[in-house]
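J.: Below you'll find the structure I mean.
In our numbering, the protein residues as written are 138 to 813.
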């Protein structure tokens with residue numbers, strides 16, 4: 138009999154509570170203390186016992202039971218939600234001198250208060266915000282754009298490294314920021330499984346983590362062994378007695394949250410630089426991907442004094458280690474076509490281990506880059522992981538050439554469709570608008586969030602539809618029926634119904650979204666909005682002369698010509714005609730006419746801070762339909778700043794420039810007046 142067995146027989150409900158407490162404790166000692174109190178076999182046996190008891194006693198249901206990690210239901214998509222406090226990025230540098238210069242700025246700003254620093258390894262994973270209310274995990278949100286992220290709570294609940302219930306005496310509200318990552322051993326196991334099934338391998342552990350976290354099935358998340366490590370705080374209510382980050386880390390560790398075991402408190406800049414150097418020599422041994430060292434001011438009061446810029450806090454900096462390099466042999470070059478027809482060279486090499494992964498492929502950017510570096514087939518080449526994510530060829534090892542190496546010739550025709558290839562600047566383009574390779578990438582772009590925003594249509598589903606022959610044109614998406622979708626692998630009835638509902642909703646997105654989604658060269662989101670503001674519908678746009686297009690704001694001769702050439706093609710006319718046939722709206726929301734009476738007409742608007750009643754992207758679109766131009770930064774051209782909570786440096790700059798500032802009540806008042 139094990140020490141964890143029911144020594145003195147308990148009533149079932151009491152045993153359930155005992156097992157839950159024991160398994161929560163076991164998870165904490167395994168993931169936080171790194172000191173397991175039981176074997177994996179013992180843990181699984183007790184978990185199975187708990188599951189049997191809970192099934193027999195449904196009145197004891199608890200959503201935070203350890204068994205809740207196992208049976209999470211697949212979801213149809215992820216909701217976008219706002220962060221209570223903005224999740225900012227961190228300024229980074231590759232220079233020790235820059236770190237010292239940052240220290241000098243900190244000292245100058247703090248005056249007589251000598252700063253104490255905390256150094257922690259920068260884990261290369263996916264940033265996440267975990268929210269605990271009264272000690273229970275209630276939300277997990279990705280960083281997203283810093284203001285809003287995806288709600289992935291169901292997936293994070295499946296991770297055994299994240300406690301569902303905090304230990305000790307947690308505060309009323311605790312938001313912990315951290316990194317979700319995949320240990321090297323888990324990454325190798327996941328890729329080995331994918332290779333066995335004939336699936337495409339993940340390029341690196343970070344990509345694998347991101348893909349896993351966005352899986353619609355929590356069971357996949359549980360199986361892949363993701364880990365969490367805390368490195369910051371969001372909204373906190375109830376820890377006002379904690380004055381420093383280092384004390385905060387100690388407190389949340391006591392609650393059962395994993396923190397870095399390599400956190401170092403430094404009292405001088407020389408200690409900081411030594412810490413950076415020491416970890417740089419050891420980081421290959423930690424068992425997971427890291428790409429730098431984060432240095433932060435320890436005191437929360439000092440952090441508040443230092444403040445933040447529009448993008449990053451002034452109280453911390455990330456030192457990035459130089460990319461790790463390796464030498465291998467270049468075997469061949471393939472030319473991959475993108476959504477805009479760009480042909481990008483991809484190198485295939487003899488496999489080589491670099492920066493934690495085995496690398497077989499690398500980017501070569503474009504034909505001019507190949508010529509500039511004089512890279513040849515058969516060369517021994519130096520490769521590195523740029524930002525430790527994307528492998529690239531740095532240079533050939535000229536001294537090792539044998540004379541058998543061959544020049545890399547650009548293709549005269551597209552390997553996907555045999556269309557004519559032309560060079561424009563440093564890049565090669567397939568000129569065939571009917572190219573199947575381009576269409577595959579365009580379709581993935583078309584369904585994306587910034588374009589037609591068709592919920593549930595990810596890259597894998599697009600590949601399935603194309604490979605099954607169900608879609609050969611954008612319009613074919615809107616012809617899909619329930620039987621078509623149910624015939625696809627791993628497609629259930631609920632998912633099929635949700636996808637059809639998403640397609641119906643997307644039909645009404647309007648001309649700007651359609652144009653943004655078509656992948657027309659030089660026509661992105663901003664240009665699409667300008668076009669939808671100038672032309673009432675697709676017919677008016679198709680009739681536009683090149684000179685009209687060139688006269689549009691921010692349009693130049695190159696953009697106007699590329700667009701006019703596309704609009705004059707049979708492909709464009711067919712595309713718009715087919716989309717209209719399946720009920721896709723090709724009308725501008727503004728009807729090509731700006732309401733001159735709108736208070737927003739002609740305004741250059743910047744939105745900052747957190748707004749209670751609006752998502753920033755939706756508010757931007759609404760203001761643009763009313764004649765405003767929405768930009769991302771305050772400048773001398775800005776005429777109006779809309780300021781939510783925690784507006785920060787943008788508000789200060791707007792005040793210094795004399796820009797008119799509206800808070801949310803004034804914004805609501807003006808919008809209501811326009812609707813009345």
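Beta carbons are placed, not taken as given, at the ideal position from N, Cα and C, and that holds for glycine.
Which runs of the alpha helix (DSSP H), 4 residues or longer, sit entirely within the segment 595-679?
T.: You should have 596-604, 619-623, 630-643, 648-654, 662-671 and 675-679.
J.: Anyone know if the C-beta pair for residue 429 and residue 457 falls short of 8 Å?
T.: Yes, the pair counts as a contact, with Cβ atoms nearer than the cut-off.
J.: Taking residue 389 as part of the alpha helix (DSSP H), name the residues at either end of that continuous run.
T.: Note, residue 389: alpha helix (DSSP H), 382-392.
J.: Under the three-state reduction of DSSP, which class applies to residue 97: helix, strand or coil?
T.: Outside the displayed range of the chain (138 to 813) lies residue 97, so it cannot be described from this structure.
J.: Going by the C-beta, is residue 517 closer than 7 Å to any heavy atom of the ligand MN?
T.: By its list of ligands, the structure shown contains no ligand whatsoever, and the ligand MN lies outside what it can speak to.
J.: In whole angstroms, what separates the C-alpha of residue 296 from that of residue 160?
T.: Answer to the nearest angstrom: the Cα atoms are 14 Å apart.
J.: Cutting at 7 Å between CB atoms, please list the residues of its own chain near residue 805, excluding the five before and the five after it.
T.: The residues are 750.
J.: How about residue 825 and residue 433: are their beta carbons less than 8 Å apart?
T.: The structure shown has nothing for residue 825, since the chain only spans 138 to 813.
J.: Quick one: what's got a C-beta closer than 7 Å to residue 290's C-beta in the same chain, skipping five residues either side?
T.: Closer than 7 Å at the Cβ level, and outside the excluded window around residue 290, lie 276 and 277.
J.: What are the uninterrupted segments assigned as beta strand (DSSP E) that are 3 or more residues long and contained completely in the segment 244-297, given in chain order?
T.: If we require 3 residues or more, the beta strand (DSSP E) runs fully inside the segment 244-297 come out as 254-260, 263-270, 273-279 and 285-287.
J.: By DSSP, does residue 373 sit in helix, in strand, or in coil?
T.: The answer is strand: DSSP assigns residue 373 an E or B state.
J.: Which partner residues of residue 777 appear in the DSSP bridge assignment?
T.: Residue 777 pairs with 742 and 797.
J.: Residue 754 lies in the alpha helix (DSSP H); which residues open and close that run?
T.: Here the alpha helix (DSSP H) through residue 754 covers 753-762.
J.: If we require 4 or more residues per run, which alpha helix (DSSP H) segments fall completely within the segment 317-357?
T.: 321-333 and 342-350, all fully within the segment 317-357.
J.: Which of the three DSSP states, helix, strand or coil, is assigned to residue 151?
T.: In this structure, residue 151 counts as helix in the three-state DSSP scheme.
J.: If you scan the segment 475-521 from start to end, which runs of the alpha helix (DSSP H) of 4 or more residues do you find wholly inside it?
T.: If we require 4 residues or more, the alpha helix (DSSP H) runs fully inside the segment 475-521 come out as 504-510.
J.: What do you get for residue 490, buried or exposed, if any count of 16 or more other CB atoms within 10 angstroms of its CB means buried?
T.: It counts as exposed.
J.: Given a cut-off of 8 Å, decide if residue 263 and residue 350 are closer than it, judged by their beta-carbon atoms.
T.: Yes, these two residues count as a Cβ contact at 8 Å.
J.: Let's test the definition: count the other Cβ atoms within 10 Å of the Cβ of residue 372 and tell me whether it reaches 16, buried, or not, exposed.
T.: It is exposed - the Cβ of residue 372 has fewer than 16 other Cβ atoms within 10 Å.
J.: Starting from residue 702 and walking both ways along the beta strand (DSSP E), at which residues does that stretch end?
T.: First-last for residue 702: 694-704, but that is the alpha helix (DSSP H), not the beta strand (DSSP E).
J.: If I follow the unbroken alpha helix (DSSP H) through residue 568, where does it start and stop?
T.: Counting along the chain, residue 568 falls outside any alpha helix (DSSP H), and DSSP gives it neither H nor E.
J.: Taking DSSP as the reference, what is the three-state secondary structure of residue 212?
T.: Low per-residue confidence applies at residue 212: pLDDT is 48, beneath 50, and the placement is therefore not dependable enough to give any value.
J.: Using C-beta distances below 6 Å, list every residue in its chain close to residue 301, excluding the 5 sequence neighbours before and after it, in chain order.
T.: 201 and 274.
J.: Which residues bound the alpha helix (DSSP H) around residue 684?
T.: Residues 683-687.
J.: Mapping the DSSP letters down to three states, classify residue 230 as helix, strand or coil.
T.: It is a strand residue.
J.: Give the secondary structure of residue 450 by DSSP, where H, G and I count as helix, E and B as strand, and everything else as coil.
T.: Strand at residue 450.
J.: Exposed or buried, which one is residue 522 when buried takes at least 16 other CB atoms within 10 Å?
T.: Buried: at least 16 other Cβ atoms inside 10 Å.
J.: Need the endpoints of the alpha helix (DSSP H) that residue 712 sits in, please.
T.: Note, residue 712: alpha helix (DSSP H), 707-718.
J.: Is it the case that the segment 781-796 contacts the segment 314-326, given that we only count it when at least three CB pairs across the two stretches are under 8 Å?
T.: They do not touch, by the three-pair rule.
J.: Just the C-alpha distance for residue 651 and residue 714, rounded to the nearest angstrom, thanks.
T.: Straight-line Cα distance between these residues: approximately 13 Å.
J.: Quick check on residue 416: does DSSP put it in helix, strand or coil?
T.: Correct three-state label for residue 416: helix.
J.: Can you list, in chain order, the residues of its chain with a C-beta nearer than 7 Å to that of residue 610? Leave out the 5 residues immediately preceding and following it.
T.: So the list reads 715, once near-sequence residues are dropped.
J.: Answer yes if the segment 716-724 comes into contact with the segment 600-618, meaning at least three C-beta pairs across the two stretches below 8 Å, and no otherwise.
T.: The segment 600-618 is in contact with the segment 716-724.
J.: Across which residues does DSSP place residue 436 in a beta bridge pair?
T.: 381, per the DSSP bridge assignment.
J.: Could you check whether residue 152 and residue 183 sit closer than 8 Å to each other, using their CB atoms as the reference points?
T.: Result no, Cβ atoms of residue 183 and residue 152 do not sit closer than 8 Å.
J.: Taking the beta carbon of residue 706 as the centre, do at least 16 other beta carbons fall within 10 Å, making it buried, or is it exposed?
T.: With fewer than 16 other Cβ atoms within 10 Å, it is exposed.
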